[in-house]
Ligand code: EPZ
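Residue numbers (the numbering used here): -16 to 404.
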């Protein structure tokens, strides 16, 4: 298993490029494989473990996929299989995205019920509720979701849950509704950049979705979707992670391809902490003064501060003098990174869904373990800022969502080596 060995204390300087969005690629590839008649060519696809895992799911369901030089070619076959078994779904929760499309295309689906994960329980009741409102009959038995319908019919629904709108439920229902009869209206739809990117892709395939980027989507059902060519939006979370990398090392970094419109909340939060951001058309320059400010922040659905940036920001705040407070309002148990940061000398206490971060003057290198994707990312950030050597194990979590992370960061001055043990 790979480890990352980081020699900390290097100031980052230079340009680092952001790849395509993981969380947009996953549903887009599902839609291309199951909903489309004819082949699709998807550009700006990141080379990630999650994309590999999804390709194996799609191959089992009946698509032929080829990935080379950031381009994913998908050719759906005539025979689509309606079952996504446990062995595949357990590797990646996003496999649940096949449920709506299979139902729309075949009138039935059998998909393993995804379990919880390191960031909490992660229910799917809103996916089920939305699909039932489109007329699906759904039963959960033996760890599987069995869904069936004679014909999906457009409906009016509200998809907000206790923690706000759901990205996954919005995407799943939106995909199913593209081929339903009549119009579907989703109120309290998720507005994350990857949801909008999926909607744009579906429209490029021939769907009729209105209200993209707003919390009310209107989907007029069509008879057929066709394969198309599309380019995935830059990954806002990878961009945000690099922005924090610049800040945590006191660096001067240009994050190329970062899109301001998708990073307003991250920008506002970093600015409030005192990080200097200079937005250009093709990215953002991040420079860091000697003193940063302690702040209070709370994660929220887009356009609020993303939960997927909470760990990275907590890492930065651990080195900012004063007391910061971080509220995690989306995945309320998502604090697995805190114990590892504390092993490096941070002073962070978690109570319920709130972390109190007392800034320390320095972190020191230690052997640490990634427990999920973003918890892994913050350990790399902390390792770069720490004194001495940090060895991050369970790097496969990081590889799920960051393309060649050590290469990209080494390119701007970090000292990170990947070793295979
Ligand atoms: C997506 O997960 C992302 N994953 C997550 O990114 C991200 O953290 C999350 O959205 C929130 O932004 C992908 O896009 C593949 P949700 P998803 O449904 O769709 C509750 C990363 O690091 N909820 O928007 O699973 C849920 O418990 C990953 O890249 C229900 O109650 O998230 C949570 O509190 C991790 N019932 C909130 O809604 C449901 O049916 C938001 O979850 C569904 C969700």
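Built from N, CA and C at the ideal position, the CB exists for glycine as well. These numbers come from a predicted model, not from an experiment.
Between residue 381 and residue 348, the beta carbon gap of about 17 Å keeps them out of contact (Cβ cut-off 8 Å). For the alpha helix (DSSP H) assignment, the uninterrupted runs of no fewer than 4 residues enclosed by the stretch 30 to 88 are, from N- to C-terminal side, 32 to 44 and 69 to 72. Within the chosen limit of 7 Å, the ligand EPZ does not reach the beta carbon of residue 117 with any heavy atom.
Counted as a single uninterrupted DSSP element, the alpha helix (DSSP H) harbouring residue 391 occupies residues 388 to 393. Relative to residue 357, the option among 298, 27, 116 and 262 whose CA is nearest is 298. Note that the C-beta distance between residue 18 and residue 162 is below 8 Å. Look at residue 188 here: in three-state DSSP terms it is coil, with no helix or strand label. Beyond the five residues adjoining it in sequence on each side, residue 175 comes within less than 8 Å, by CB distance, of 6, 150, 284, 285 and 289 in the same chain, given in chain order.
Sequence-distant partners of residue 396 (beyond 5 residues in either direction) whose C-beta falls short of 6 Å from its own C-beta, in its chain, are -7, -5 and -4.
When the five nearest sequence neighbours on each side are left out, the beta carbons in the same chain lying within less than 8 Å of the beta carbon of residue 148 are those of 142, 171, 172, 173, 174, 198 and 284, in order along the chain. Ranking 73, 281, 366 and 323 by CA distance to the CA of residue 127 puts 73 first. In the structure shown, residue 167 adopts extended strand secondary structure according to DSSP, grouped into three states. Remark: the shortest separation between the CB of residue 8 and any heavy atom of the ligand EPZ does not fall under 7 Å. Of the residues assessed, residue 62 falls on the exposed side of the cut-off, its CB having fewer than 16 other CB atoms within 10 angstroms. For residue 357, the shortest separation between its Cβ and any heavy atom of the ligand EPZ lies below 7 Å.
For residue 116, the CB contacts under 7 Å within the same chain, skipping 5 residues up- and downstream, are 138 and 140 in chain order. For residue 334, the distance from the CB to the nearest heavy atom of the ligand EPZ is not below 7 Å. Closest in C-alpha terms to residue 92, from the list 293, 133 and 201, comes 133. Between residue 379 and residue -16 a beta carbon distance of about 7 Å is seen, short of the 8 Å cut, so the two are scored as contacting.
CA-CA distance, residue 37 to residue 97, rounds to 14 Å. Between residue 228 and residue 241, the CB-CB gap reaches or exceeds 8 Å. Counting C-beta pairs with one atom in each stretch, the stretch 37 to 55 and the stretch 107 to 126 have fewer than three that are closer than 8 Å, which means they do not touch. Residue 371 sits in coil when the DSSP states are folded into three classes, being neither helix nor strand. The count of Cβ pairs closer than 8 Å, one atom from the stretch 178 to 192 and one from the stretch 205 to 213, reaches three, so the stretches are in contact.
Short note on residue 289: C-beta closer than 7 Å to some heavy atom of the ligand EPZ. Inclusion of residue 40 and residue 67 in the CB contact set at 8 Å is warranted, their separation being smaller than that value. Distances between the C-beta of residue 32 and the heavy atoms of the ligand EPZ are all 7 Å or more. Put simply, the backbone Cα of residue 1 is about 17 Å away from that of residue 261. Distance from the Cα of residue 383 is smallest, within the candidate group 239, 108, 107 and 353, for 353.
The three-state secondary structure of residue 404, taken from DSSP, is coil. Going by DSSP, residue 310 is part of the beta strand (DSSP E) stretching over 306 to 310. The beta carbon of residue 103 is closer than 7 Å to those of 314, 315, 316 and 317 in its chain, skipping five residues each way along the sequence. In the DSSP assignment, the residues bridged to residue 260 are 269. In the structure shown, residue 176 adopts helical secondary structure according to DSSP, grouped into three states.
Counting C-beta atoms within 10 angstroms of its own C-beta, residue 78 has 16 or more neighbours from the protein chains shown and is therefore classed as buried.
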